[in-house]
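J.: Position 268, counted from 1, in the sequence shown is what our numbering calls 427; the numbers after and before it change by one each time, with no gaps.
Take a look at this one; I'll ask things after.
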Amino acid sequence: MRQNGPATKGPPASEAGGVLTIDLAALVANWRALAERAAPAECAAVVKADAYGCGIEPVVGALYRSGCRTFFVAHISEARRVRACAPDAVVYVLAGLHPGGGPDYATDNLRPILSGIEEVREWAAFRASGWQGGAGLHVDTGMNRLGLSLDDAAALATDAVLPKAGLSLLISHLAVADDPGHPLNARQAGLFREMRDLFPGVAGSLANSSGIFLGPDVHHDMVRPGAALYGVNPTPTHANPMQPVVRVEGRILQVREIETGDTVGYGAVWTARRPSRLAIVSLGYGDGVPRSAGASDLNTGADILVAGRRCPIAGRVSMDLIAADVTDLPDGVPRRGDWATLLGDTIDVDELAAHAGTIGYEVLTRLGHRHRRVYVGA
Ligand SMILES: *Cc1c(COP(=O)(O)O)cnc(C)c1O
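Pasting the structure below:
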């Protein structure tokens, strides 16, 4: 474990306001479960955005030791960090080739995912200078973000540049895989098959986390899960088949009593309807807690677990603090110095995200680096 970085980061336990615990055993179990579901397709891992906030080095280290050999990131800087802990893995960079960027790929033996004919020509020209490395090709099947259209793909398929580009993988990305009944899934799956026929002998990859659950028709040669590895539910209409990976706890700095009619926090938007007791928790939007998870007189916010019981947030989430309404807990509970759980046990990342009007992906990638970070299960 040591060679992949310390098992803790950030302030020492005695000083920390918030503690982020990342369970690498759960992460590995999630990868194995997805790999089993996708077999015989290869199961890669998407580790962009600092492995969805969980930390590239510990995440890649744990997955590599478990047998994962292909990683996807968004940027070259992320790919270099993957390379440092996975020496012989294949690392694809979704942002592709910036103009003049070929040498960056050669230095650390990385593979760009090319999204247009101009990019393919530039890559082929760079390879003509002596680099043998492969590249992915992104084709668009309905997301209308990155990738070649069907017409461009057909033109490229007969272009003399194609054999010089060293294509090792054809990818496309699903727009609504988390909504299995949506007709766009079948359209994208059909178009991807057509696109694959244009590039015989090149491996194909279509499915993200949710795509894996659409069934073997979309698995092709490789699947590319991200969110599900980190515990986000890839099947939102069903119970979450993944294990939770991330836990967020905040220290209770003070417990206080307020009167009926008193308001709590900025904007005075939450009013006590009875004599109430508040626990003031050392977590806020500066720690990545969505500000939209707060509560007002009109809207309930997220819950937070105090002494194992769900307590509603009272008032706005501020930069460093959240107030929890602990009126219904037994006298003397909680005490200053106890810990409250914002994410973990019965509260999963999808629940917190739903209260905040966002998705688990955004909650995870915003967690940030102010917490004490603890990696367990390595
Ligand atoms: C982010 C991303 C993934 C992973 O998606 P999840 O929904 O997190 O599994 C896969 N492929 C591409 C192209 C991506 O951008």
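Each residue gets a CB set at the ideal place from its N, CA and C atoms; glycine is no exception.
#1: Which partner residues of Q413 appear in the DSSP bridge assignment?
#2: Between R415 and L442, which are expected to be in contact by the criterion C-beta below 8 Å, what is the C-beta distance as a whole number of angstroms?
#3: Compute the Euclidean distance between the alpha carbons of G169 and V407, then round it to the nearest angstrom.
#4: What do you reckon, is the C-beta of K207 under 7 Å from a heavy atom of ligand 1?
#5: Please find out if some non-hydrogen atom of ligand 1 comes closer than 7 Å to the beta-carbon of P384.
#6: Would you check if there are 3 or more beta carbon pairs closer than 8 Å linking the segment 398-405 to the segment 461-468?
#7: When you compare the CB positions of Y444 and Y211, do they come within less than 8 Å of one another, or not?
#8: Relative to the C-alpha of A515, which candidate in R468, P375 and N458 has its C-alpha closest?
#9: Helix, strand or coil, according to DSSP, for W429 in the structure here?
#10: Apart from the five residues on each side of it in sequence, which residues of its chain come closer than 6 Å, Cβ to Cβ, to A238?
#11: Tell me E201's beta-bridge partners as DSSP assigns them.
#12: Under 8 Å between the Cβ atoms of V535 and V178?
#13: The alpha helix (DSSP H) that contains D509, what's its start and end?
#14: Tell me which residue opens and which closes the alpha helix (DSSP H) that Y251 is part of.
#15: Give me, in chain order, the residues of the same chain whose beta-carbon lies closer than 6 Å to that of T486; leave out the 5 immediate sequence neighbours on both sides.
#16: Quick check: the Cα distance between E174 and T500, rounded to an integer number of angstroms?
#17: Considering just the uninterrupted stretch of the alpha helix (DSSP H) at W282, what are its terminal residues?
#18: Answer yes or no: the CB of A387 versus the heavy atoms of ligand 1, is any distance below 7 Å?
#19: Taking the beta carbon of G306 as the centre, do at least 16 other beta carbons fall within 10 Å, making it buried, or is it exposed?
#20: Please classify F351: does DSSP put it in a helix, a strand, or coil?
#21: DSSP three-state call for W290: helix, strand or coil?
#22: Are I411 and A431 closer than 8 Å when you measure CB to CB?
#23: Given this structure, state the Cα-to-Cα distance separating H257 from L326, to the nearest angstrom.
#24: If you compare alpha carbons, which of D263, A185 and A197 is closest to A537?
T.: Concretely, from the data shown:
#1: I439
#2: Not confirmed; about 17 Å, so no contact.
#3: 14 Å
#4: yes
#5: yes
#6: no
#7: no
#8: N458
#9: strand
#10: V232, V250, V252 and L269
#11: M381
#12: no
#13: V508 to H514
#14: Looking at the DSSP string, Y251 is not in any alpha helix (DSSP H); the run it does join, the beta strand (DSSP E), is V249 to V252.
#15: S435 and R436
#16: 17 Å
#17: I276 to A287
#18: yes
#19: buried
#20: helix
#21: coil
#22: no
#23: 17 Å
#24: A185
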